[in-house]
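The numbering used here applies: residue 730 is where the sequence shown begins, and numbers increase by one. Working notes, structure below.
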Amino acid sequence: VESISADGVVAIAMKLTIKGCPLRVQIKKDIESRLETHPGVTKVTIDWGEMTADERTAVMTRARWNAREQAPDTQIPLNTRILAIASGKGGVGKSSVTVNLAAALASVGHTVGVLDADIWGFSIPRMLGISDRLEARRIDGIEKPRMIPNERVVGKGLLKVVSTGMLVEDESTALMWRGLMLTKAVEQFLNDVHWGELDYLLIDMPPGTGDVQMGLARMLPRTDLVIVTTPSVSAQKVAIRAADMARRSFLRVAGVIENMSAFTCEHGESYPLFGQGGGQTLADEIGAVLLGQVPIEAAVANGGDTGEPIVLTSTGPAAQAFLAIAANIMNTTVPVTEMGGCTARDPEAVQVAISKRN
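Next comes the structure, spelled out in structure tokens:
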């Protein structure tokens, strides 16, 4: 709300986040129904406007701050940088990206947590070569027993890994859980696991924009989203929904990774098997950076099958791409993105403005 004037007629100048806000009619009805019940109000008029880029950024900053203030406590240290590796759909190599980025960050000396939030489709234990089941034990000074992440030393650093795949009898066991159970499982991984000190926490998200994504946005509002797509237009158009979810949840988008960008044959010829340009197009459309492009290489899949991420065993193009992306993440500060979507809480803002005027 930009301004309010009142002399029987209440005139409001209001700025929406976007000019064509589809909730404009509903917002108008809500404002009129609330204000016309006030004694002395005979008419309500609204002059609609649109926020500038700076104003949208300021709104986003306030929203993120409020979300952090209201977020529940977790066992994730406050100085840990949290990256959720997300995609709009399955099959784009999101888990391969997660394990290789985690291994790349650990190889240079960082302590990296890996949370497999793909509860139904867990794959992180096999891809990192960790088969031990999770155990719980008492920690000094803590009354309730905590689950202890399984660890793997990588170079100068350490991986700490938690997955539902470490709770079942074997990896072929199906978890037939409904949405509420999925959210509770992730909440337990954040609250009941003794993570200890972490430099980074990488979260392998399930595909889509459902219960787990919304739960994580509520519990960890300081999360930065990394969106994985392939070069194809269809994958890019689906991946943009993950960016929309981030903005609606007041999360920042750290950048886009284009996976399976091209195949280079033994003669040096490059073939864009899944199209080209989807990653850059997505990054441009959502106002984020393209963190890197990972070429198609059989060794990436083989590394996932054998539990040896390619960044630890190869110096080929795909391994170099993952290492470069990890360096970009370490060296880049994520800018505060503009608020997306509609100003759905304007009636509350009107009431606050009226209270201040009175």
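Backbone N, C-alpha and C fix where the C-beta goes; we use that ideal spot for every residue, glycine too.
- Annotation: the continuous alpha helix (DSSP H) that includes F918 extends over G908 to N920.
- Within the same chain, V738, V739, A740 and I741 come within 8 Å of T774 by CB-CB distance, once the 5 residues on both sides are set aside.
- When the alpha-carbon of E916 is set against those of G822, V955, Q942 and R881, the nearest one is in Q942.
- Bridge partners of L931 according to DSSP: L812 and V843.
- Contact between the stretch 945 to 956 and the stretch 869 to 884 is absent: fewer than three C-beta pairs spanning the two stretches fall below 8 Å.
- Selection R976, S901 and I1015 evaluated against V985 yields I1015 as nearest (Cα-Cα).
- Take the alpha-carbon of G838 and the one of A832: they are about 10 Å apart.
- Under the 10 Å beta carbon count, Y929 is surrounded by 16 or more other beta carbons and is classified as buried.
- Bounds of the alpha helix (DSSP H) holding M974 are V962 to R977.
- The DSSP-derived three-state label of V739 is strand.
- G886 sits in a strand when the DSSP states are folded into three classes.
- The Cβ neighbour count for D899, taken over all protein chains shown within 10 Å, is under 16; the residue is labelled exposed.
- For the options D940, S961 and G769, the alpha carbon positioned closest to that of Q1005 is the one of S961.
- When only Cα atoms are considered, E779 and L980 end up about 22 Å apart.
- Remark: fewer than three beta-carbon pairs, one from each stretch, lie closer than 8 Å, so the stretch 955 to 975 and the stretch 838 to 851 are not flagged as touching.
- A direct Cα-to-Cα measurement between A1055 and A865 gives close to 32 Å.
- Three or more Cβ pairs closer than 8 Å define a contact, and the stretch 1035 to 1043 meets that threshold against the stretch 815 to 834.
- Using a Cβ distance threshold of 8 Å, T959 and P1046 do not count as a contacting pair.
- In this structure, the CA atom of N1031 is about 13 Å from the CA atom of G822.
- The bridge partners DSSP lists for A865 are M876.
- Annotation for I969: G817, L1011, E1014 and I1015 place their beta carbon closer than 8 Å to its own, counting only its chain and skipping 5 residues before and after.
- Distance check between L812 and each of L863, L1052, V841 and G820 places V841 closest, using alpha-carbon atoms only.
- When DSSP assignments are scanned along the stretch 749 to 781, the uninterrupted stretches of beta strand (DSSP E) that are 3 or more residues long and fall wholly within it turn out to be 772 to 779.
- When DSSP states are grouped into helix, strand and coil, P1046 belongs to the helix group.
- Excluding its 5 nearest sequence neighbours in each direction, T938 has C-beta neighbours in its own chain below 6 Å: R970 and M974, listed in chain order.
- Beta bridge pairing from DSSP links S999 with T993.
- Per DSSP, I956 is one residue of the beta strand (DSSP E) stretching across D953 to T958.
- For E1026, the three-state secondary structure derived from DSSP is coil.
- In this structure P806 is exposed. Its beta-carbon is surrounded by fewer than 16 other beta-carbon atoms within 10 angstroms.
- Bounds of the alpha helix (DSSP H) holding K823 are K823 to S836.
- Looking at the DSSP output, N988 bridges to V1023.
- In the three-state reduction of the DSSP assignment, A983 falls in the strand class.
- Taking 8 Å as the cut-off, the beta carbon of Q1022 is found no closer than this to the beta carbon of A1048.
- Around the C-beta of E765, fewer than 16 other C-beta atoms lie within 10 Å, and the residue is accordingly described as exposed.
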